[in-house]
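Numbering (the numbering used here), first residue to last: -10 to 199. Even glycine gets a Cβ: it sits at the ideal position worked out from N, Cα and C. Fair warning: this is a prediction, and the values are worked out from it, not measured in the lab. Data first, discussion second: the structure below is written as structure tokens.
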Amino acid sequence: MAWMDALNRYREHPERYVAHGDGDDDLPVLYFDSDAVVLRDMFPKATVHLLVIPRPAEITFRHPAVALTREVQDTIQLAIQWAKNYTFAQFVDQFPESLSSYDLQKFITEFVLVGVHSVPSMSNMHVHVISRDFHSPSLKHKKHYNSFNTAFFVPWDQLPLESPPDKTQAELTIKNTPLKCSYCRRDFRNKFKALKEHLDEEFHNHFNKS
-10 MAWMDALNRY REHPERYVAH GDGDDDLPVL YFDSDAVVLR DMFPKATVHL LVIPRPAEIT
50 FRHPAVALTR EVQDTIQLAI QWAKNYTFAQ FVDQFPESLS SYDLQKFITE FVLVGVHSVP
110 SMSNMHVHVI SRDFHSPSLK HKKHYNSFNT AFFVPWDQLP LESPPDKTQA ELTIKNTPLK
170 CSYCRRDFRN KFKALKEHLD EEFHNHFNKS
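Shown next, in the form of structure tokens:
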């Protein structure tokens, strides 16, 4: 099986890959129904990084930016909301004092991104639900970060687009857009190491377990 097709097994047979606990990294599926599957990204770019995969075979290989019509969005909305709720619950569980002033909606509005990439990295259609901390050892370079923090990332509420984004232009957006902190918008230009260190500081300032 090609790497780009790795999500297809979860779409077809999610029941075989259901996680038995949060630490069970080999079994990533957290939720599924007849319309969608929610699983952990195996290389998470933030504290919580989930993928929501629509299950219908007739749309799975289409570009998400155009195939996620309002009708399709409605069919997977339950899974999207489940993923948002899970993200909030994970933060509340890990950082209860830091989250004491947040309710679900405030947290989602301020700290959860939902959308798709202009140029998907996997064959099967998938929607990212990701916390905006970008505090993760799997976040390793500028492309990882800018794929969620520039126009390369198409938000859920802007879907569907009339046509797929131009691949060349989308990739130039990642390459040419300066790195800006997702918390304070400080401009780090192309200094990824400095941004990464700053993101770690921001994370520990916002969230602590004490």
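Exercise for review: Please say whether residue 17 and residue 28 have beta carbons closer to each other than 8 angstroms?
Suggested key: For the purposes of this step, residue 28 is identified with residue 39 of the sequence shown, where counting begins at 1. For the purposes of this step, residue 17 is identified with residue 28 of the sequence shown, where counting begins at 1. Yes.
Practice item. Let me know the secondary structure DSSP gives residue 44 once reduced to three states. Key: The count along the sequence shown starts at 1 and reaches residue 44 at position 55. In the structure shown, residue 44 sits in coil (DSSP, three-state: anything other than H, G, I, E or B).
Point to revise | Those residues which DSSP pairs with residue 263 across a bridge | key: Look at the range of the chain in this structure, -10 to 199, and you will see that residue 263 is not part of it.
**Study point:** Residue span of the beta strand (DSSP E) that contains residue 106, given as start and end
**Key:** Locating residue 106 in the sequence shown gives position 117, counting from the first residue. Unbroken beta strand (DSSP E) run through residue 106: 101 to 106.
Exercise for review: Identify every run of the beta strand (DSSP E) within the region 124 to 178, keeping only runs that are complete inside it and at least 3 residues long; order them along the chain.
Suggested key: 142 to 144 and 176 to 178
Check your understanding: How many whole angstroms separate the CB atoms of residue 40 and residue 115, which I take to be in contact at a CB cut-off of 8 angstroms?
Key -> Translated into positions along the sequence shown, residue 40 becomes position 51. Translated into positions along the sequence shown, residue 115 becomes position 126. Indeed, because the Cβ distance is near 5 angstroms, the residues count as touching under 8 angstroms.
Practice item. Mark residue 178 as exposed unless 16 or more other C-beta atoms lie within 10 angstroms of its C-beta, in which case mark it buried. Key: In the sequence shown, counting from the first residue as 1, residue 178 sits at position 189. Counting Cβ neighbours within 10 Å, residue 178 comes out exposed, since fewer than 16 surround it.
Check your understanding: Can you list, in chain order, the residues of its chain whose CB lies under 7 angstroms from that of residue 159, leaving out five sequence neighbours each side?
Key -> For the purposes of this step, residue 159 is identified with residue 170 of the sequence shown, where counting begins at 1. Taken in chain order, the residues that qualify are 107, 108 and 141.
Practice item. Assuming residue 168 contacts residue 182 (C-beta within less than 8 angstroms), just tell me the rounded distance between them. Key: For the purposes of this step, residue 168 is identified with residue 179 of the sequence shown, where counting begins at 1. For the purposes of this step, residue 182 is identified with residue 193 of the sequence shown, where counting begins at 1. Contact between residue 168 and residue 182 fails: their C-beta atoms lie close to 10 angstroms from each other, not under 8 angstroms.
Exercise for review: Can you give me the start and stop residues for the alpha helix (DSSP H) that residue 72 sits inside?
Suggested key: Taking the first residue of the sequence shown as 1, we reach residue 72 at position 83. From DSSP, the alpha helix (DSSP H) with residue 72 extends over 59 to 83.
Exercise for review: Return the first residue and the last residue of the beta strand (DSSP E) that residue 25 is part of.
Suggested key: Here the question's residue 25 lines up with position 36 in the sequence shown. Per DSSP, residue 25 belongs to the beta strand (DSSP E) from 25 to 29.
Check your understanding: Cβ atoms of residue 68 and residue 134: under 8 angstroms apart, would you say?
Key -> By one-based count along the sequence shown, residue 134 stands at place 145. By one-based count along the sequence shown, residue 68 stands at place 79. Result no, Cβ atoms of residue 134 and residue 68 do not sit closer than 8 angstroms.
Check your understanding: Looking only at C-alpha atoms, which of 33, 154, 83 and 152 sits nearest to residue 123?
Key -> Here residue 123 refers to the residue found at position 134 of the sequence shown. Looking at the Cα atoms, 33 is the closest of the given residues.
Exercise for review: Can you tell me which of the three DSSP states residue 19 falls into?
Suggested key: In the sequence shown, counting from the first residue as 1, residue 19 sits at position 30. In the structure shown, residue 19 sits in a strand (DSSP, three-state: E or B).
Exercise for review: Take the Cβ of residue 117 as the centre, count every other Cβ of all protein chains shown within 10 Å, and call the residue buried at 16 or more, exposed below.
Suggested key: Here residue 117 is taken as the residue at index 128 of the sequence shown, counted from 1. Buried, by the Cβ-count rule.
Review point. By how many angstroms is the C-alpha of residue 173 removed from the C-alpha of residue 271?
Key: Examination of residue 271 is not possible in this model, given that the chain is present from -10 through 199 alone.
**Study point:** Pair within 8 angstroms by beta-carbon distance, residue 36 and residue 125
**Key:** On the sequence shown, position 47 is the one that residue 36 refers to. On the sequence shown, position 136 is the one that residue 125 refers to. It is a contact, given that the beta carbons lie within the stated cut-off.
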